[in-house]
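Student: This is the structure, below, for whatever I ask next.
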Amino acid sequence: MDFSVLNEALASKSFNKIADICDNLMLQVAAEGVPFRDEWPFAIHLLGHIYIDDINSARFLWKSIPPAIKESQPEVVAAWKIGQKLWTRDYAGVYEAIRGFDWTQQTQVLVAAFSGKAFSIIVFIVI
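Under UniProt numbering, the first residue of the sequence shown carries the number 1, and numbering increases by one thereafter.
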């Protein structure tokens, strides 16, 4: 499976494009009948939706992830934990969820960017 467009977006820190790229890639491979679930970057896909504050899409993506993937990929569960905390507006819990997991190198950049963005939004809300 070719994730070069996704990797380029991550490398160039075009995080606001990640969700759309993942959505389009998923539609493309599904239309072609290519089995993709085992190697799909679900954590990045979830975090892409979370980054652009599209919690509804993240929630529906979470519901579509097979239980076997959720059980075998703890980073996917950790990414969704951030989404859950945002869903309930538990902003302290968002930071606990971010800090409470040892993110892989690939997701760490996206999580750090989201963390900085979320902090500035939360400060704006509080002030």
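Note that beta-carbon positions come from the ideal geometry of N, C-alpha and C, so glycine has one too.
What residue range does the alpha helix (DSSP H) around Gln28 cover?
Tutor: 18-31 is the extent of the alpha helix (DSSP H) around Gln28.
Student: Please name the residue in Ser57, Gln106, Pro74, Ala68 whose C-alpha comes closest to that of Gly83.
Tutor: For Gly83, the nearest C-alpha among the options comes from Ser57.
Student: Would you call the segment 108-120 and the segment 1-9 touching, i.e. three or more CB-CB distances under 8 angstroms?
Tutor: Taking 8 angstroms as the limit for Cβ pairs, the verdict is that the segment 1-9 does not touch the segment 108-120.
Student: Report the three-state DSSP secondary structure of Ile65 (helix, strand or coil).
Tutor: Note: Ile65 maps to coil in three-state DSSP.
Student: DSSP on Asp102, reduced to helix/strand/coil?
Tutor: Asp102: coil per DSSP, three-state reduction.
Student: Rounded to whole angstroms, what's the CA-CA distance from Ile65 to Tyr91? Just pull it up for me.
Tutor: Using only the alpha carbons, I get a separation of about 25 angstroms.
Student: For the putative contact between Phe101 and Ala118, defined by C-beta atoms under 8 angstroms, what is the C-beta separation to the nearest angstrom?
Tutor: Wrong, their Cβ atoms sit about 15 angstroms apart, outside the cutoff.
Student: Buried or exposed: residue 156, going by 16 or more other Cβ atoms within 10 Å of its Cβ?
Tutor: Residue 156 is absent from the structure shown; the chain starts at 1 and stops at 127.
Student: Could you compute how far the alpha carbon of Ser14 sits from the alpha carbon of Glu96?
Tutor: Taking the straight line from one Cα to the other gives about 25 angstroms.
Student: Does DSSP classify Arg89 as helix, strand or coil?
Tutor: Residue state, collapsed to three classes: coil.
Student: Please report how far the alpha carbon of Lys70 lies from the alpha carbon of Leu47, in whole angstroms.
Tutor: Cα to Cα, Lys70 sits roughly 15 angstroms from Leu47.
Student: Tell me which same chain residues have a C-beta within less than 6 angstroms of the C-beta of Trp103, skipping the five on either side of it?
Tutor: Within the same chain, Trp103 has close Cβ partners Val111.
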